[in-house]
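Protein chains: 2
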Amino acid sequence: MSLLVFGHKNPDTDSICSSIALSHLKNQLGFEAKPYALGEVRKEAQFALNYFKVDAPELLTDAKNKDVVLVDHNELAQTADGIEEANIVEIVDHHKVEISTEVPISIRVMPVGCTCTIIYQMYKENNVEVPYEIAGLLLSAILSDTLLFKSPTTTEMDKLACEELSKIANVDIESYAMEMFKAGTSLDEFSIEEIVNMDFKEFDMSGKRVGIGQVFTLDIDSILAKKDDFLAHINSTDYDVLVLAITDIIKEGSYLIYKAGDKVISDAFSVDASQGVFAEGVVSRKKQLVPNLTTAIKNI
Amino acid sequence: MSLLVFGHKNPDTDSICSSIALSHLKNQLGFEAKPYALGEVRKEAQFALNYFKVDAPELLTDAKNKDVVLVDHNELAQTADGIEEANIVEIVDHHKVEISTEVPISIRVMPVGCTCTIIYQMYKENNVEVPYEIAGLLLSAILSDTLLFKSPTTTEMDKLACEELSKIANVDIESYAMEMFKAGTSLDEFSIEEIVNMDFKEFDMSGKRVGIGQVFTLDIDSILAKKDDFLAHINSTDYDVLVLAITDIIKEGSYLIYKAGDKVISDAFSVDASQGVFAEGVVSRKKQLVPNLTTAIKNI
Numbered sequence: 227m228s229l230l231v232f233g234h235k236n237p238d239t240d241s242i243c244s245s246i247a248l249s250h251l252k253n254q255l256g257f258e259a260k261p262y263a264l265g266e267v268r269k270e271a272q273f274a275l276n277y278f279k280v281d282a283p284e285l286l287t288d289a290k291n292k293d294v295v296l297v298d299h300n301e302l303a304q305t306a307d308g309i310e311e312a313n314i315v316e317i318v319d320h321h322k323v324e325i326s327t328e329v330p331i332s333i334r335v336m337p338v339g340c341t342c343t344i345i346y347q348m349y350k351e352n353n354v355e356v357p358y359e360i361a362g363l364l365l366s367a368i369l370s371d372t373l374l375f376k377s378p379t380t381t382e383m384d385k386l387a388c389e390e391l392s393k394i395a396n397v398d399i400e401s402y403a404m405e406m407f408k409a410g411t412s413l414d415e416f417s418i419e420e421i422v423n424m425d426f427k428e429f430d431m432s433g434k435r436v437g438i439g440q441v442f443t444l445d446i447d448s449i450l451a452k453k454d455d456f457l458a459h460i461n462s463t464d465y466d467v468l469v470l471a472i473t474d475i476i477k478e479g480s481y482l483i484y485k486a487g488d489k490v491i492s493d494a495f496s497v498d499a500s501q502g503v504f505a506e507g508v509v510s511r512k513k514q515l516v517p518n519l520t521t522a523i524k525n526i
Numbered sequence: 227m228s229l230l231v232f233g234h235k236n237p238d239t240d241s242i243c244s245s246i247a248l249s250h251l252k253n254q255l256g257f258e259a260k261p262y263a264l265g266e267v268r269k270e271a272q273f274a275l276n277y278f279k280v281d282a283p284e285l286l287t288d289a290k291n292k293d294v295v296l297v298d299h300n301e302l303a304q305t306a307d308g309i310e311e312a313n314i315v316e317i318v319d320h321h322k323v324e325i326s327t328e329v330p331i332s333i334r335v336m337p338v339g340c341t342c343t344i345i346y347q348m349y350k351e352n353n354v355e356v357p358y359e360i361a362g363l364l365l366s367a368i369l370s371d372t373l374l375f376k377s378p379t380t381t382e383m384d385k386l387a388c389e390e391l392s393k394i395a396n397v398d399i400e401s402y403a404m405e406m407f408k409a410g411t412s413l414d415e416f417s418i419e420e421i422v423n424m425d426f427k428e429f430d431m432s433g434k435r436v437g438i439g440q441v442f443t444l445d446i447d448s449i450l451a452k453k454d455d456f457l458a459h460i461n462s463t464d465y466d467v468l469v470l471a472i473t474d475i476i477k478e479g480s481y482l483i484y485k486a487g488d489k490v491i492s493d494a495f496s497v498d499a500s501q502g503v504f505a506e507g508v509v510s511r512k513k514q515l516v517p518n519l520t521t522a523i524k525n526i
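Quick mapping for you: the protein sequence lines, in order, are chains W and H.
Per the numbering used here, residue 227 is the first one in the first sequence, and the count goes up by one each step.
Per the numbering used here, residue 227 is the first one in the second sequence, and the count goes up by one each step.
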């Protein structure tokens with residue numbers, strides 16, 4: 227019996243890394259197993275694969291008539307085409323479950339931040355050594371899923387796993403995570419105009435035409451390096467006020483580039499406004515950017 | 227958070243022993259946990275509890291508003307009343323699953339013969355020593371669920387667990403299992419007539435009025451010790467032919483006490499008939515007792 231191991235469609239770093247790490251564990255325990263991906267590997271996972279020199283899993287097109295292991299998902303809507311005619315032999319996951327089987331199968335679900343935390347546990351339980359590159363991938367997935375332990379889903383078990391894995395993978399947790407997040411959220415392939423319009427909404431505030439764009443990235447430096455180009459584009463628009471918020475989810479705040487009087491921005495976000503200023507705690511357009519600007523513009 | 231740990235309604239030996247063993251493991255790991263039973267402890271489990279000097283779990287009447295751990299079952303129909311208002315935090319089971327949760331919880335399901343095999347595995351994974359009496363209960367449950375490894379659900383993992391546990395519990399697997407099965411299937415509290423009529427069916431075979439009773443027990447000796455009393459009762463009935471099959475599921479055959487000519491019994495079951503004769507391989511009334519007797523009676 228050869229096992230196909232895969233995560234969910236539109237795979238994230240956990241889906242990619244957990245399929246590789248569990249396949250390796252199965253191999254060490256004497257089972258034939260091979261990782262697959264149900265979609266293109268995204269930038270963040272690709273960074274981890276490159277860093278630890280591991281090949282990306284092959285793309286799986288059809289699970290029909292195969293013996294499969296599901297990682298990082300358990301709901302049929304998220305899994306491979308042809309799953310109705312596949313033989314699900316095992317599930318390893320950290321999500322809420324919606325599972326119904328005809329026969330007993332192996333199921334391992336734990337309420338932790340990342341599937342890879344469970345898989346690391348399984349290595350330990352089976353006394354199988356975690357090699358350097360597998361440690362690196364497990365670590366990458368846990369840091370990704372827990373957003374460097376900032377996600378409320380983070381548990382002590384996730385943190386402990388990362389501590390141990392970082393020693394095997396020989397990386398500093400903080401700096402490796404930031405490097406990976408930067409690579410994963412890089413906007414390098416987009417133009418100034420594309421970034422401003424990526425998630426852009428228009429509002430009427432006290433008769434003024436106001437536009438607010440927001441992007442989430444951790445590759446802040448390369449955005450701020452082009453601050454003048456952003457500003458030139460923003461100023462060339464015919465909005466009365468335009469604010470581009472570059473939101474850093476780790477620092478939990480947004481860098482602001484704007485077409486507006488400094489006083490409006492200072493009033494709205496309690497900052498000493500200048501182009502590229504960091505507005506601490508401001509991460510939501512709906513709950514912070516829009517109401518704060520509405521009030522500040524009305525009071526000008 | 228104090229955990230209530232329990233198996234299914236109408237609890238078998240696995241449900242009782244796995245709730246006690248998992249509670250002990252939780253306690254060793256620093257969690258408050260207590261075993262409960264969803265019904266009266268049956269004779270087999272009571273034998274194991276007596277043998278290893280462990281108190282029976284208290285009866286649980288209502289799980290409402292409690293933090294609960296389900297062992298040896300996962301379907302809501304089999305679990306405690308009030309479960310809809312309970313907080314299920316963990317499931318350890320070896321059955322097919324029908325689980326749907328709102329949030330991620332701990333789930334450990336493995337396709338092995340007994341929940342206690344999984345729990346023994348969890349002791350090892352957590353490096354928690356299995357004490358004598360817990361080893362005895364785990365062993366009892368595995369022998370019970372696998373019917374001393376005769377059940378097709380038995381896996382190598384179940385056998386290996388029993389080997390290791392029998393050393394800690396200081397018992398011989400075969401003889402302990404037989405003693406437990408005897409206690410569990412004892413018919414001591416029933417009268418001769420009750421035993422004959424326990425599962426009794428009447429047939430017409432070539433114009434003869436034929437009755438066939440069947441009981442499953444491993445306490446064969448105490449039945450055969452009363453052979454003459456059974457025979458006196460059987461002969462006093464007005465059936466033309468009456469066969470009582472005392473089926474031994476471990477030896478896979480039935481001891482026969484009968485009102486019939488020896489030749490009919492010899493022909494029907496290829497034995498040298500005498501009262502209490504063992505008919506090897508004969509375990510099914512529908513597939514063996516009825517058709518074989520029908521043919522033998524027709525050919526007399």
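Glycine included, every Cβ here is placed at the ideal spot set by N, Cα and C.
Pull up the distance between the alpha-carbon of residue i and that of residue j, whole angstroms please.
i, j, result
"residue 489 of chain H", "residue 436 of chain H", "16 angstroms"
"residue 505 of chain W", "residue 307 of chain H", "53 angstroms"
"residue 461 of chain W", "residue 418 of chain W", "13 angstroms"
"residue 499 of chain W", "residue 414 of chain W", "26 angstroms"
"residue 362 of chain W", "residue 266 of chain W", "20 angstroms"
"residue 278 of chain H", "residue 370 of chain H", "15 angstroms"
"residue 300 of chain W", "residue 325 of chain W", "7 angstroms"
"residue 465 of chain W", "residue 444 of chain W", "27 angstroms"
"residue 268 of chain W", "residue 232 of chain W", "15 angstroms"
"residue 378 of chain H", "residue 372 of chain H", "8 angstroms"
"residue 312 of chain H", "residue 323 of chain W", "17 angstroms"
"residue 491 of chain H", "residue 513 of chain H", "16 angstroms"
"residue 292 of chain H", "residue 455 of chain W", "60 angstroms"
"residue 416 of chain W", "residue 470 of chain W", "15 angstroms"
"residue 381 of chain W", "residue 316 of chain W", "24 angstroms"
"residue 402 of chain H", "residue 350 of chain H", "24 angstroms"
"residue 333 of chain H", "residue 298 of chain W", "14 angstroms"
"residue 254 of chain H", "residue 507 of chain W", "43 angstroms"
"residue 171 of chain H", "residue 501 of chain H", "Since the first residue shown for chain H is 227 and the last is 526, residue 171 of chain H is missing from the structure and cannot be characterised."
"residue 336 of chain W", "residue 235 of chain W", "21 angstroms"
Closest by CA to residue i, which one among the options?
i, options, result
"residue 439 of chain W", "W/453, W/472 and W/452", "W/472"
"residue 432 of chain W", "W/517, W/276, W/311 and W/254", "W/517"
"residue 527 of chain H", "H/270, H/240 and H/357", "Outside the shown range of chain H (227 to 526) lies residue 527 of chain H, about which nothing can therefore be said."
"residue 509 of chain H", "H/497, H/441 and H/501", "H/441"
"residue 329 of chain H", "H/314, H/339 and H/321", "H/314"
"residue 241 of chain H", "H/339, H/375 and H/381", "H/339"
"residue 296 of chain H", "H/276, H/281, H/280 and H/319", "H/319"
"residue 354 of chain H", "H/281, H/252 and H/450", "H/252"
"residue 258 of chain W", "W/227, W/276 and W/463", "W/227"
"residue 526 of chain W", "W/467, W/420 and W/376", "W/467"
"residue 477 of chain W", "W/376, W/459 and W/451", "W/376"
Give me, in chain order, the residues of the same chain whose beta-carbon lies closer than 7 angstroms to that of residue i; leave out the 5 immediate sequence neighbours on both sides.
i, result
"residue 309 of chain W", "289 and 302"
"residue 446 of chain W", "472, 474 and 481"
"residue 359 of chain W", "278, 279 and 280"
"residue 383 of chain W", "338 and 343"
Name the chain B residues whose beta carbon is nearer than 8 angstroms to that of residue i?
i, result
"residue 337 of chain W", "Protein chains in the displayed structure are W and H, and chain B is not among them."
By the criterion of Cβ-Cβ separation under 7 angstroms, what are the contact partners of residue i in chain H?
i, result
"residue 325 of chain W", "323 and 325"
Residue i touches chain W at which residues, Cβ-Cβ below 7 angstroms?
i, result
"residue 320 of chain H", "330"
"residue 310 of chain H", "Under the 7 angstroms cutoff, chain W gives no residues; its nearest Cβ is about 17 angstroms from residue 310 of chain H."
"residue 351 of chain H", "351"
Spatial neighbours of residue i within its chain, please: CB distance less than 6 angstroms, with the 5 preceding and 5 following residues excluded, ordered by chain position.
i, result
"residue 522 of chain W", "490, 493 and 494"
"residue 261 of chain H", "231, 245, 246, 249 and 283"
"residue 364 of chain W", "247, 342, 346 and 391"
"residue 271 of chain W", "239 and 242"
"residue 428 of chain W", "437"
"residue 425 of chain H", "440"
"residue 485 of chain W", "460, 461 and 468"
By Cβ distance, which residues of its chain are closer than 8 angstroms to residue i, with the 5 residues on each side in sequence left out?
i, result
"residue 286 of chain W", "230, 232, 262, 263, 264 and 306"
"residue 399 of chain H", "365, 369, 374, 388, 389 and 392"
When every heavy atom of the ligand MN is checked, does at least one fall within less than 6 angstroms of the C-beta of residue i?
i, result
"residue 351 of chain W", "As for the ligand MN, it is missing from this structure, which has no ligand bound."
Beta strand (DSSP E) runs contained entirely in the segment 332-382 of chain H, provided each spans 3 or more residues = The segment 332-382 of chain H is shown to contain whole beta strand (DSSP E) runs of 3 or more residues at 332-335, in chain order.
query = Where are the beta strand (DSSP E) runs, 3 residues long or more, that stay fully inside the segment 290-323 of chain W, in chain order?
reply = Here the runs fully enclosed are 293-297 and 313-319.
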